[in-house]
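Numbering-wise (the working numbering), the sequence shown opens with residue 5 and increments by one.
Please read the structure below before turning to the comments.
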Amino acid sequence: MKYQEHTTDSSFIPQKTVFILILILGFGMSQATLKAQFESKYIFPLQDLHVHSSSIIELPKGDLLCCWFQGSGERKANDVVINGARYSKKNHEWSKPFLMADTPGHPDCNPTLFIDEDNRLHLFWIVVQANKWERSILKTRISSNYQSSGAPEWDWQDVILLKPGAEFAETIKNKFKESNMLDVAWAEYAPKYETLIHEAAQDPAKRETGWMTRTHPIQMPDGKILLPLYSDGFNMSLVAVSNDMGETWKAGLPIVGRGNIQPSIVRKKDGDLLAYMRDNGDEPGRIQISSSTDNGHSWSYATDTEFLNPGASVEAIVLENGEWIIVYNDIEDGRYSLAVSLSDDEGETWKWTRHLEKMENKKGSFSYPSLIQTKDGVIHVSYSFSLSENKTIKHVAFSGDWIKE
5 MKYQEHTTDS
15 SFIPQKTVFI
25 LILILGFGMS
35 QATLKAQFES
45 KYIFPLQDLH
55 VHSSSIIELP
65 KGDLLCCWFQ
75 GSGERKANDV
85 VINGARYSKK
95 NHEWSKPFLM
105 ADTPGHPDCN
115 PTLFIDEDNR
125 LHLFWIVVQA
135 NKWERSILKT
145 RISSNYQSSG
155 APEWDWQDVI
165 LLKPGAEFAE
175 TIKNKFKESN
185 MLDVAWAEYA
195 PKYETLIHEA
205 AQDPAKRETG
215 WMTRTHPIQM
225 PDGKILLPLY
235 SDGFNMSLVA
245 VSNDMGETWK
255 AGLPIVGRGN
265 IQPSIVRKKD
275 GDLLAYMRDN
285 GDEPGRIQIS
295 SSTDNGHSWS
305 YATDTEFLNP
315 GASVEAIVLE
325 NGEWIIVYND
335 IEDGRYSLAV
345 SLSDDEGETW
355 KWTRHLEKME
365 NKKGSFSYPS
375 LIQTKDGVIH
385 VSYSFSLSEN
395 KTIKHVAFSG
405 DWIKE
């Protein structure tokens, strides 16, 4: 196990003290005892295969489950599968990895885990057709027997088929007009960006395929499940909605913007939703944001926040005490710095920030965080961890107080 200390001032608990406390208490600490402590561990040893895009959840008995995709590459490597591992709250150890999903001859990528209000486990992921992101199809599995060792026993599996209608294209056209940013991506030899996107949106084959998972779904008070999705083909996002616990899905309207992908959704106290998104568009690189007042069906035009972003995934959640937390790469030129920020006013201001990782450029890569808070109040993050050709998924645990120290 690797223990790390990250400080923002000289008053932080000495590393030796933290080490001893962690040995005594382990990951199963309460919020009261965790306080300013921080623990980290590789889920499996560093190795040279490509591992990326993890998702972590807490199981009903308090153990953790994490999954990721792994193989000799990404969309162009047909040996890519979804692997997983379990963290034992009793033994404070991660299990050996096991297979979660494999579509032979195709890359399986971008898994995300979710447990619904009936305590059923959902796995969502994409199967990449023709080795192109924009040809990906959504798949899902559901399990009611998943708390034993090894891979879950799957009760049901299906392809998620979405059918955005003509309103999809009209929304793109109208939102671009509202943005007052038309023609900014035009040149004599390059057609207008907005025109190309609108034309593509009128093609049912294009708008019905290529939607990809990345961040955790959320379940609304009325039972609706919202599944955040994005498209590399359209370079924007949408939210799929299920009213029957994940058996069928309908697509909402697109979250229109210039390169806003991989949305992470948080719900405000008044019921409105905010989506924080990776910036895959023009400079400057900033986390983008959009809001919804109708439970995720329609969204405002995506705009920049003040958060820096190098074109890397982010995730945000609401903590049990009402504070908001976001994990992100806080730079524009790479993924060598991974930060966590905390807000006590629903994202109006972010008063506290600390780093999970921070290195020199090209010395390491830390990205695609998956963020949860467990029932004992501890915050957990899993993320892709790479040092040169050595790669793994890393797991860290800490409290909100650690961010404020």
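Note that the Cβ used here is the ideal one computed from N, Cα and C, for glycine as well.
From a predicted model like this one, the values you see are computed outputs, not experimental measurements.
Identity of the residue in the options nearest residue i by Cα
i      : options                           : result
Ile265 : Gly289, Gly275 and Asp380         : Gly289
Ser241 : Ile222, Gly214 and Cys71          : Gly214
Tyr387 : Leu346, Asp349 and Ile60          : Ile60
Leu323 : Asp349, Lys65, Glu310 and Phe311  : Asp349
Lys273 : Pro232, Met224 and Asp286         : Met224
Asp226 : Lys143, Ile330, Asp207 and Asn247 : Asn247
Gly315 : Glu287, Gly381 and Ala155         : Glu287
Leu103 : Lys45, Asp276, Leu127 and Glu327  : Leu127
Ala320 : Asp112, Pro373 and Phe238         : Pro373
Arg218 : Glu157, Val85, Asn313 and Met281  : Met281
Ala105 : Ala209, Gly275 and Ala89          : Ala89
Tyr197 : Asn149, Glu157 and Val260         : Val260
Ser147 : Gly169, Asp122 and Arg271         : Asp122
His110 : Asn95, Trp137 and Lys100          : Trp137
Arg124 : Asn149, Ile222 and Asp308         : Asn149
Cβ-based burial, residue i [other Cβ within 10 Å; buried from 16]
i      : result
Val163 : exposed
Phe31  : With a pLDDT of only 45 at Phe31, under the threshold of 50, the placement of this residue in the model should not be trusted; the figure read from the coordinates follows. The residue is buried, with at least 16 neighbouring Cβ atoms inside 10 Å.
Arg153 : First, the amino acid is wrong: residue 153 is Ser here, not Arg. By the neighbour-count rule (16 or more Cβ atoms within 10 Å), Ser153 is not buried but exposed.
Ala205 : buried
Lys181 : exposed
Leu63  : buried
Leu391 : exposed
Thr297 : exposed
Gly75  : buried
Asp283 : buried
Ile130 : buried
Gly285 : buried
Phe238 : buried
Asp52  : exposed
Pro108 : exposed
Glu310 : exposed
Whole-angstrom distance between residue j and residue i, CA atom to CA atom
i      : j      : result
Glu352 : Asp83  : 44 Å
Val400 : Ile383 : 8 Å
Asp421 : Phe370 : Past the edges of the chain, shown from 5 to 409, lies residue 421, and the structure says nothing about it.
Glu212 : Leu165 : 7 Å
Lys395 : Ile229 : 33 Å
Lys366 : Thr252 : 43 Å
Asn135 : Arg262 : 24 Å
His301 : Val243 : 7 Å
Gly250 : Glu364 : 43 Å
Gln151 : Trp98  : 14 Å
Ser403 : Pro49  : 25 Å
Lys362 : Tyr340 : 6 Å
Glu409 : Leu200 : 49 Å
Lys177 : Ser304 : 13 Å
Val167 : Gln41  : Checking the sequence shown, residue 167 turns out to be Lys, not Val. Looking at the two C-alpha atoms, the distance is approximately 47 Å.
Pro258 : Glu171 : 9 Å
Tyr234 : His202 : 16 Å
Ala173 : Leu142 : 21 Å
Gln133 : Ile397 : 25 Å
Asn333 : Ala343 : 6 Å
Cys113 : Met216 : 9 Å
Asp207 : Arg139 : 14 Å
Gly66  : Ser295 : 33 Å
One or two residues paired with residue i in a DSSP bridge
i      : result
Val385 : Leu375 and Val400
Met216 : Tyr234
Ser241 : Tyr234 and Ile259
Phe42  : Phe402
Asp162 : Thr144
Trp356 : Leu346
Gln292 : Met281 and Asp308
Leu63  : None, per the DSSP bridge assignment.
Phe73  : His56 and Ile86
Asn149 : Glu157
Trp328 : Val322 and Ser347
Proximity test, Cβ basis, 8 Å: residue i and chain C
i      : result
Leu103 : You won't find chain C in this structure, because it holds only one protein chain.
Would you mind listing the beta strand (DSSP E) stretches within the region 78 to 127 that are 3+ residues and don't spill past its ends, in chain order? 85 to 92, 102 to 105 and 112 to 119
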